[in-house]
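Colleague: Quick note on our numbering: the sequence shown kicks off at 14 and runs consecutively.
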Amino acid sequence: MMGTAHWIMREKGSGTREIFETAMYAKGIKCSIAMELGHTEAIKIAVEAGLGVGCLSRMAVKRELENGWLIEINSPLDLKRLLIILTRENEYRTTLMKAYLALLEGKK
């Protein structure tokens, strides 16, 4: 199904699109990009309208999943994405900021 679906994707150069295309290539799956849109909200609306399927982060579609407007399908693709935490060097960090960064880094 994934190879024959009409995909609605972010524009070339977006991180989401890059992760998706790399994962598809790794599985030897070719896909048909039916539409390229420059905004996550536009992709969600197009998918809700039945124009195709999309690949977005769970965070981006949390509300739509909770309300049943979109559904998640199981995928054999490795769609994990590395995110980097950036802060200014030598900037004062509040106790809350320190706790938050520790949580993100997996420290307790």
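Quick reminder that beta carbons are idealized off the backbone N, C-alpha and C, glycines included.
Does the distance from the CB of residue 74 to the CB of residue 64 come in under 8 Å?
Modeller: One-based indexing of the sequence shown puts residue 74 at position 61. One-based indexing of the sequence shown puts residue 64 at position 51. No; because the gap between Cβ atoms is not below 8 Å, this pair is not in contact.
Colleague: Within a Cβ cutoff of 6 Å, which residues of the same chain sit near residue 26, ignoring the five residues on either side of it in sequence?
Modeller: The residue labelled residue 26 in the question sits at position 13 within the sequence shown. Correct list: empty, nothing qualifies.
Colleague: Could you tell me if residue 69 is buried or exposed, where buried requires 16 or more neighbouring beta carbons within 10 angstroms of its beta carbon?
Modeller: Taking the first residue of the sequence shown as position 1, residue 69 is located at position 56. So residue 69 counts as buried.
Colleague: Within the chosen definition, does the stretch 88-102 reach the stretch 32-51 through at least 3 CB pairs nearer than 8 Å?
Modeller: Cβ pair count under 8 Å is three or more, so yes.
Colleague: For the candidate residues 105, 104, 98, whose alpha-carbon lies nearest to that of residue 119?
Modeller: The sequence position of residue 119 within the sequence shown is 106, counting from 1. Answer by Cα proximity: 98.
Colleague: For a quick check, are the C-beta atoms of residue 21 and residue 67 less than 8 Å apart?
Modeller: Residue numbering aside, residue 21 sits at position 8 when the sequence shown is read from its first letter. Residue numbering aside, residue 67 sits at position 54 when the sequence shown is read from its first letter. Yes, these two residues count as a Cβ contact at 8 Å.
Colleague: Quick one: what does DSSP say residue 67 is sitting in, helix, strand or coil?
Modeller: Position 54 of the sequence shown holds residue 67. Three-state DSSP puts residue 67 in a strand.
Colleague: Quick check on the DSSP output: the alpha helix (DSSP H) that includes residue 78 runs from which residue to which?
Modeller: As a working mapping, residue 78 is identified with position 65 in the sequence shown. Unbroken alpha helix (DSSP H) run through residue 78: 75-79.
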